[in-house]
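To keep things clear, I will list the structure first and then write my remarks on it.
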Amino acid sequence: MSLAQHLVELRKRLMIGAIALVVSMVASFFLTDWIIWAMTEPIRVVAAQRSAEESQAVTLMYSTITGPFDMRLRISFSVGILLSAPVWLWQIWAFLMPGLTKKEVRYTIGFVSAAVPLFFGGVFTGWLVMPHIVEIMATFSPDGSSNFYEGKYYYDFVFKLLLVVGVAYVIPVFLVALNFAGIMSGKAILKGWRVAILVAVVFSGLATPAADIVSMLMLAVILTILYFAAAGLSLLLDFRRSRRRPDLTAPSPAPTAGPLA
């Protein structure tokens, strides 16, 4: 295909993906009531822990006229991306696949098949941790104070938490991809286990409140297990490659003495 034909094909793929996104956003807009209700459950838990008078000062609020609509639009966009993911991912794949070899196609399918469940597993973990963060942070409010959660910032907090934890779960797949590319060996990945554990603990401490030790330890343990799983898989792949190509790991022969020796 010529460059112009590639551009026409790319425009076609982008248009299909954009249409799928818009349709999914419209459908998601009708789900925003349920999503907001589920997302604000921790706020109702905090209000239930206060007295009848103080509970009225714990609520979700909007500081602008367009705040409620803006929040629904943000939610419908995020959920629309997830609902339309099969369509736009397929369009990207259909555009790139003709230029890939069979081996690259097989590797790409394997990485995507591992990354997608891990990402959603991370999002689910973040969803489980999020209520504890809101509830524990509310305990630091002094008596008689009010907890008004501004809608825009509350949504940003939930969305960024889910996104960060989801991406963190995909990092082991990235490590295995580096091993496939020959950039990092399994031994090199495993050698950095101390740094990996430290990073997992620090990340978990930043993603969860310091007072919520259980959530922090749960997230840190899961990230550590995923790291060692990636290291183990990389070691297995290195072992299989060494058996197929023993010349890559065999020591080089000692130089023989020349005529001048």
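Residue numbers (the numbering used here): 1100 to 1360.
For glycine and all other residues, C-beta sits at the position ideal for the given N, C-alpha and C.
If only complete runs of 4 or more residues are kept, the stretch 1170-1245 shows the alpha helix (DSSP H) at 1184-1195 and 1201-1237, in order along the chain.
Excluding residues up to 5 positions away in sequence, Gly1250 lie with their Cβ nearer than 6 Å to the Cβ of glycine 1166 in the same chain. When beta bridges are read from the DSSP output, threonine 1158 appears opposite Phe1247.
Isoleucine 1164 sits in coil when the DSSP states are folded into three classes, being neither helix nor strand. In this structure valine 1157 is not in contact with valine 1233, their Cβ atoms being roughly 11 Å apart against a cut-off of 8 Å. CA-CA distance, alanine 1295 to leucine 1262, rounds to 20 Å. DSSP places leucine 1332 in the uninterrupted alpha helix (DSSP H) bounded by 1312-1343. One Cα belongs to leucine 1260, the other to serine 1341, and the distance between them is close to 41 Å. When the five nearest sequence neighbours on each side are left out, no beta carbon in the same chain lies closer than 6 Å to the beta carbon of alanine 1103. The beta-carbon distance between leucine 1325 and proline 1271, rounded to whole angstroms, is 4 Å. This is short enough to meet the 8 Å contact definition. Apart from sequence neighbours up to five positions away, the residues of its chain that approach leucine 1277 with a beta-carbon distance below 7 Å are Met1283, ordered along the chain. Annotation: the continuous alpha helix (DSSP H) that includes methionine 1114 extends over 1102-1128. The beta carbon of proline 1230 is closer than 6 Å to those of Pro1141 in its chain, skipping five residues each way along the sequence. Collapsing the DSSP output to three states places threonine 1131 in a helix. Per the C-alpha coordinates, the member of Trp1292, Met1138 and Gly1331 positioned closest to phenylalanine 1258 is Met1138. In the three-state DSSP reduction, glycine 1281 falls in the coil class, being neither helix nor strand. Nearest neighbour of serine 1177 by Cα position, chosen from Ser1245, Met1124 and Met1114, turns out to be Met1124.
In this structure, tyrosine 1254 sits away from glycine 1221, with a CB-CB distance that is not shorter than 8 Å.
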